[in-house]
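S.K.:
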Amino acid sequence: MDNEKMDMLLGLIKKRRSIRRFKPDAVPEGSIDKMLEAARWAMSGANAQPWEFIVVMDEATRKKIADSWFEPHREMFAIEQTRTAEMRLPPLRRFATKTSFAEAPLLIAALADRRVHQAGTLAEHYLNGTLAPDASFMAGIANATQNIHLAAAALGLGSQWVSVTRMWESAIRRILEIPEVLEVHSIAAIGYPDYQPPAAYRRPLSELMHTEKYDRSRYRSTGDILSYLRRLRQATTPAYEPRNQT
Amino acid sequence: MQIDGFLKLVRERRSMRRFKTDAVPRECIENIVEAARWAMSGANAQPWEFVAVTDAPLRRRIIDASLEARREVYAMERERLPELRHSHYHHAPMSPNFEDAPVLIVVLGDRRTYQATVLAAHYLNGEGGTDATYLKNIANATQNMHLAAAATGLGSQWISVSYIWGQAIKGILNIPEVLDVHTIVAVGYPAYQPPTPYRRQLKDILHYNAYDKSKYRSGEDVQQFLHTLRQRTEAAYKQG
Chain Z
-18 MDNEKMDMLL GLIKKRRSIR RFKPDAVPEG SIDKMLEAAR WAMSGANAQP WEFIVVMDEA
42 TRKKIADSWF EPHREMFAIE QTRTAEMRLP PLRRFATKTS FAEAPLLIAA LADRRVHQAG
102 TLAEHYLNGT LAPDASFMAG IANATQNIHL AAAALGLGSQ WVSVTRMWES AIRRILEIPE
162 VLEVHSIAAI GYPDYQPPAA YRRPLSELMH TEKYDRSRYR STGDILSYLR RLRQATTPAY
222 EPRNQT
Chain S
24 MQIDGFLKLV RERRSMRRFK TDAVPRECIE NIVEAARWAM SGANAQPWEF VAVTDAPLRR
84 RIIDASLEAR REVYAMERER LPELRHSHYH HAPMSPNFED APVLIVVLGD RRTYQATVLA
144 AHYLNGEGGT DATYLKNIAN ATQNMHLAAA ATGLGSQWIS VSYIWGQAIK GILNIPEVLD
204 VHTIVAVGYP AYQPPTPYRR QLKDILHYNA YDKSKYRSGE DVQQFLHTLR QRTEAAYKQG
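If you're matching them up, the sequences are chains Z and S in order. Once you know that position 128 of the first sequence is 109 in this note's numbering, the rest is easy, because the numbers rise by one and skip nothing. Position in the second sequence (first residue = 1) + 23 = this note's numbering.
Rendered as structure tokens:
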């Protein structure tokens, strides 16, 4: 068993943090190709490789993308206020005055081509029951996207996975002249972190991993889940503050 | 791990379709699941749980339960042109190509944790669809396991679980109804060296500052890609 490589990989996975404020300094020469190389070699069902990427460094374009974020934010903010205060996602407790990716010198838009999902079996579309028919398509996009974030961390950069909602997708499509058939799923904001994030919170392995069969004593009722979500909010709220914390 | 080490790992990882039967040490299995534990998830929801199955009779039952679903998939796949059928389904289902793997890690998802994210996600969906974030989070954890297996010198295979098979697995492993069975990660020592996989070129998938229309694939281009993909990927499905 090769322990050294495993320890290094685990070190990288744990070191990666989501960054919400960046320095404006450009990323080093050659970084973009390396991050996209990691994306290119990601796993996808039937090797369909449903991904394409638009790399945006141009300041005016980045500003247009950031400006277009506010209208969808307004909608999301309004719906979030219908929840109890403690359950609201921390960035949506106040109406934002700037985006969490405003200064990032590099934005990588992840596009998805659903047509190549024909590479999978036909049966996926008819036999997936409660799971989406496009679970493996979504997985492929996620795999490539997460590899970008891990590669950024491996380069000593910070990154943030910014989801793109339908409303925002239309604006980005116009700004970046993206053909209709391609979907815009997310934006990876990348740059040097402007602060040191706090330690990440993760559920312990002993809660997650069952041996041989599911251990029913660990079953979480809805009440348990709601308690977990409250704990999660407490544990994760500091991570949404883009400043050094003691 | 620095970028060169990470890139090397990502490029060298192979999907394994035949394994040695030698047991995998428990410490290895835990390291692999540890990699999943630290994956990214929207709002840090961490919707995942895992059942690591090493017991041979249980693995046998799980594999046998896949047969009914595989028959359905095969029947549907025959409705396609032969050259476009998924490589696993050119012939009637026999033994799946993970039955010698000494460890099957079943990946479960708890959709209820999705409440961690913004409520608007359900009404103004993003990332390509409803459930997209949930499905992608499960993928993040799953791919980390494959990378971790590769880092340890083990082989692995990503096995999607259809609804029919998933319901059977729930019964076999006593999994509560509310959880989804997403995939199985088969892990074991490699029994052969798979060929280098086919990947599209970087220049084909990379645009600068705006979408480059010269790289756009028409419907016909996509069909051509699918034909090429089948030819180029055929070798990877052969078990050495």
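Cβ atoms here follow ideal geometry from the backbone N, Cα and C, with glycine treated the same way. Here the structure is a predicted model, which means the values were calculated and not measured.
#1: Taking all protein chains shown into account, decide if S:TYR137 is buried (16 or more other Cβ within 10 angstroms of its Cβ) or exposed.
#2: Under 8 Å, Cβ to Cβ, is there at least one residue of chain Z near S:ASN17?
#3: Counting only beta-carbon separations shorter than 8 Å, does S:PHE248 have a partner in chain Z?
#4: On the three-state DSSP scale, how would you describe S:PHE121?
#5: Given a limit of 8 Å on CB to CB distance, which residues of the segment 29 to 55 of chain Z reach chain S?
#6: Any beta-carbon of chain Z closer than 8 Å to the one on S:PRO220?
#7: With a threshold of 8 Å between beta-carbons, can S:GLU243 be considered close to chain Z, or not?
#8: Would a C-beta distance cut-off of 8 Å place Z:GLN141 and Z:ILE0 closer than the cut-off?
#9: Inspect the beta-carbon positions of S:LEU158 and Z:MET24 and report whether they are closer than 8 Å.
#10: Quick one, are the C-beta atoms of S:HIS155 and S:ASN148 less than 8 Å apart?
#11: Determine whether the beta carbon atoms of S:LEU142 and S:VAL47 lie at a separation below 8 Å.
#12: Considering just the uninterrupted stretch of the beta strand (DSSP E) at Z:GLU164, what are its terminal residues?
#13: Would you mind telling me which residues of chain Z sit closer than 7 Å to S:ALA162, beta carbon to beta carbon, in chain order?
#14: Taking 8 Å as the CB-CB cut-off, is Z:ARG21 touching chain S?
#15: So, is the C-beta of Z:ARG250 closer than 8 Å to a C-beta in chain S?
#16: So which residues of chain S does Z:ALA132 contact, with C-beta pairs closer than 9 Å?
#17: Decide yes or no for the touch test of the segment 78 to 85 of chain S against the segment 166 to 177 of chain S: beta carbon pairs closer than 8 Å, at least 3 of them.
#18: Quick check on the DSSP output: the beta strand (DSSP E) that includes S:VAL130 runs from which residue to which?
#19: State the CB to CB distance for the pair Z:PRO223 and Z:PRO179, rounded to an integer number of angstroms; the pair is presumed to be in contact (CB under 8 Å).
#20: Indicate the three-state DSSP secondary structure (helix, strand or coil) for S:HIS205 in the structure shown.
#21: Residue ranges of each alpha helix (DSSP H) run of no fewer than 4 residues wholly in the segment 76 to 153 of chain Z, ordered along the chain?
#22: Kindly indicate which three-state DSSP category S:GLY28 falls into: helix, strand or coil?
#23: Name the residue from S:ALA191, S:GLN224, S:HIS250 whose alpha carbon lies nearest to the alpha carbon of S:LYS238.
#24: Identify which residue in Z:ARG154, Z:PHE82, Z:GLU188, Z:ASP94 has its Cα closest to the Cα of S:PHE248.
#25: Between S:LEU32, S:LEU196, S:ARG41, which lies nearest to S:LYS261 when the distance is taken from Cα to Cα?
#26: Which of the three DSSP states, helix, strand or coil, is assigned to S:HIS113?
#27: For S:LEU104, count neighbouring Cβ atoms within 10 angstroms of its own Cβ and tell me buried if that reaches 16, exposed if not.
#28: Quick check: the Cα distance between Z:PRO256 and S:LEU229, rounded to an integer number of angstroms?
#29: Along chain S, which residues have their Cβ under 7 Å away from the Cβ of Z:PRO160?
#30: Of the residues that make up the segment -2 to 25 of chain Z, which ones have a beta carbon closer than 9 Å to any beta carbon in chain S?
#31: Nearest CA to the CA of S:VAL74: which residue from S:TYR234, S:GLU243, S:LEU202?
#32: Once DSSP output is grouped into helix, strand and coil, what is the label at Z:ALA208?
#33: Please say whether Z:THR80 and S:ASN232 have beta carbons closer to each other than 8 Å?
#34: I want to see whether chain S comes within less than 8 Å of Z:GLY(-8), judged by CB atoms only; does it?
#35: Taking CB distances under 8 Å as the criterion, tell me whether Z:GLU61 reaches chain S.
#36: Can you find a CB in chain Z that lies within less than 8 Å of the CB of S:ARG40?
M.R.: According to the structure shown:
#1: Mapped onto the second sequence, residue 137 of chain S falls at position 114. S:TYR137 is buried by the Cβ-count criterion.
#2: Nothing can be reported for residue 17 of chain S, as the shown portion of chain S is limited to 24 through 263.
#3: One-based indexing of the second sequence puts residue 248 of chain S at position 225. Answer yes: the Cβ-Cβ gap between S:PHE248 and chain Z drops below 8 Å somewhere.
#4: The residue given as residue 121 of chain S occupies position 98 in the second sequence. In the structure shown, the three-state DSSP call for S:PHE121 is coil.
#5: Identification of residues in the segment 29 to 55 of chain Z having a C-beta nearer than 8 Å to some C-beta of chain S yields ALA29, GLN30, TRP32, GLU33, PHE34, ILE35, VAL36, VAL37, MET38, ASP39, THR42, PRO53, given in sequence order.
#6: Mapped onto the second sequence, residue 220 of chain S falls at position 197. At least one CB of chain Z lies nearer than 8 Å to the CB of S:PRO220.
#7: Working through the second sequence from its first residue, we reach residue 243 of chain S at position 220. Chain Z, which has no Cβ nearer than 8 Å to the Cβ of S:GLU243, makes this no.
#8: Here the question's residue 141 of chain Z lines up with position 160 in the first sequence. Here the question's residue 0 of chain Z lines up with position 19 in the first sequence. In this structure, Z:ILE0 lies closer than 8 Å to Z:GLN141 by Cβ.
#9: In the second sequence, counting from the first residue as 1, residue 158 of chain S sits at position 135. In the first sequence, counting from the first residue as 1, residue 24 of chain Z sits at position 43. No.
#10: Within the second sequence, numbered from 1, the residue matching residue 155 of chain S stands at position 132. Within the second sequence, numbered from 1, the residue matching residue 148 of chain S stands at position 125. Sequence check: residue 155 of chain S is Ala here, not His. It is a contact, given that the beta carbons lie within the stated cut-off.
#11: Position 119 of the second sequence, counted from the first residue, corresponds to residue 142 of chain S. Position 24 of the second sequence, counted from the first residue, corresponds to residue 47 of chain S. Cβ atoms of S:LEU142 and S:VAL47: not closer than 8 Å.
#12: In the first sequence, the residue the question calls residue 164 of chain Z occupies position 183. Looking at the DSSP string, the run of the beta strand (DSSP E) that includes Z:GLU164 is 163 to 172.
#13: To locate residue 162 of chain S, count along the second sequence from 1; it is residue 139. Simply MET119, ALA120, ALA123, ASN124.
#14: In the first sequence, residue 21 of chain Z corresponds to position 40, counting from 1. Among the residues facing chain S, Z:ARG21 is included, as its CB has a counterpart in that chain under 8 Å away.
#15: The question about residue 250 of chain Z has no answer here: the residues shown for chain Z are numbered -18 through 227.
#16: Looking up residue 132 of chain Z in the first sequence gives position 151. Within chain S, the C-beta atoms nearer than 9 Å to that of Z:ALA132 come from ILE26, PHE29, LEU30, VAL33, in chain order.
#17: Output reads no: the segment 166 to 177 of chain S does not touch the segment 78 to 85 of chain S.
#18: Position 107 of the second sequence, counted from the first residue, corresponds to residue 130 of chain S. 126 to 132 is the extent of the beta strand (DSSP E) around S:VAL130.
#19: What you label residue 223 of chain Z is simply residue 242 of the first sequence in a count that begins at 1. What you label residue 179 of chain Z is simply residue 198 of the first sequence in a count that begins at 1. Contact flag wrong, Cβ pair sits at about 11 Å.
#20: Reading the second sequence from its first residue, position 182 is the one you call residue 205 of chain S. Here S:HIS205 carries a strand assignment [DSSP, helix/strand/coil].
#21: Taking only runs of at least 4 residues, the alpha helix (DSSP H) segments lying wholly in the segment 76 to 153 of chain Z are 116 to 135.
#22: If you number the second sequence from 1, residue 28 of chain S lands on position 5. It is helical.
#23: Residue 238 of chain S sits at position 215 when you count from the first residue of the second sequence. Of S:ALA191, S:GLN224, S:HIS250, the smallest CA-CA separation from S:LYS238 is found for S:GLN224.
#24: Against the second sequence, residue 248 of chain S aligns to sequence position 225. Checking every option, the nearest Cα to that of S:PHE248 belongs to Z:ASP94.
#25: In the second sequence, counting from the first residue as 1, residue 261 of chain S sits at position 238. With distances taken between Cα atoms, S:LYS261 lies closest to S:ARG41.
#26: Position 90 of the second sequence holds residue 113 of chain S. In the structure shown, S:HIS113 sits in coil (DSSP, three-state: anything other than H, G, I, E or B).
#27: Residue mapping note: residue 104 of chain S aligns to position 81 of the second sequence, counting from 1. The residue is exposed, with fewer than 16 neighbouring Cβ atoms inside 10 Å.
#28: Any answer about residue 256 of chain Z is impossible in this case: the structure gives chain Z only from -18 up to 227.
#29: Within the first sequence, residue 160 of chain Z is the residue found at index 179, counting from 1. In chain order: TYR234, TYR239.
#30: Correct list: SER(-1), SER12, ILE13, ASP14, LYS15, MET16, LEU17, GLU18, ALA19, ALA20, ARG21, TRP22, ALA23, MET24.
#31: If you number the second sequence from 1, residue 74 of chain S lands on position 51. That would be S:LEU202, whose Cα lies nearest to the Cα of S:VAL74.
#32: The residue given as residue 208 of chain Z occupies position 227 in the first sequence. According to the sequence displayed, residue 208 of chain Z carries Ser and not Ala. Helix.
#33: By 1-based counting over the second sequence, the position of residue 232 of chain S is 209. By 1-based counting over the first sequence, the position of residue 80 of chain Z is 99. For the pair S:ASN232 and Z:THR80, the CB atoms are not nearer than the 8 Å cut-off.
#34: As a first step, residue -8 of chain Z is located in the first sequence; it is residue number 11 there, counting from the start. For Z:GLY(-8), the nearest beta carbon of chain S is closer than 8 Å to its own beta carbon.
#35: Here residue 61 of chain Z refers to the residue found at position 80 when the first sequence is read from its first residue. It does: the Cβ of Z:GLU61 has a partner Cβ on chain S nearer than 8 Å.
#36: The residue given as residue 40 of chain S occupies position 17 in the second sequence. For S:ARG40, the answer is no, since every Cβ of chain Z falls outside 8 Å of its Cβ.
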